[in-house]
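This is the structure:
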């Protein structure tokens, strides 16, 4: 079943008053946040023209760790997020509001790759 078809089916079931277990809803929120972060890191890295290895070097991490972050395979700690923001020469913005999750990096005015 395609993602859009599954999503439509899920929305229809929720509209009918069916609810999903809280642990499933929580897992869905965690995955959504991890995916939003992964996309934000990828977008900023490519905006700067950096490879994963170059970003890893700037952040003092391994290329494998950057791959796991961009692949949504890990949930970084706050200190690691701070390293990423510094390495990406940007401010990390995270907005969490129920099912609305937004993650982005805002480049500093002195963007130097």
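Residue numbers (the numbering used here): 9 to 121. C-beta: ideal position from N, C-alpha, C; glycine also.
Could you check what DSSP says for residue 81 in three-state terms: helix, strand or coil?
Residue 81 falls in the coil class under three-state DSSP.
Are at least three pairs of beta-carbons, each pair with one atom in the region 62 to 72 and one in the region 93 to 108, less than 8 Å apart?
The count of Cβ pairs closer than 8 Å, one atom from the region 62 to 72 and one from the region 93 to 108, reaches three, so the stretches are in contact.
So residue 2 is in the alpha helix (DSSP H); what residue range does that whole segment cover?
Residue 2 is absent from the model: the chain starts at 9 and stops at 121.
Excluding the 5 residues preceding and the 5 following residue 109 in the sequence, name in chain order all residues of the same chain whose CB lies nearer than 6 Å to its CB.
Same-chain partners within the cutoff: 40, 41 and 44.
With respect to the alpha helix (DSSP H) encompassing residue 61, which residues constitute its N-terminal and C-terminal limits?
Note, residue 61: alpha helix (DSSP H), 60 to 67.
List the endpoints of the continuous alpha helix (DSSP H) containing residue 26.
Residue 26 -> no alpha helix (DSSP H), and no H or E assigned at all.
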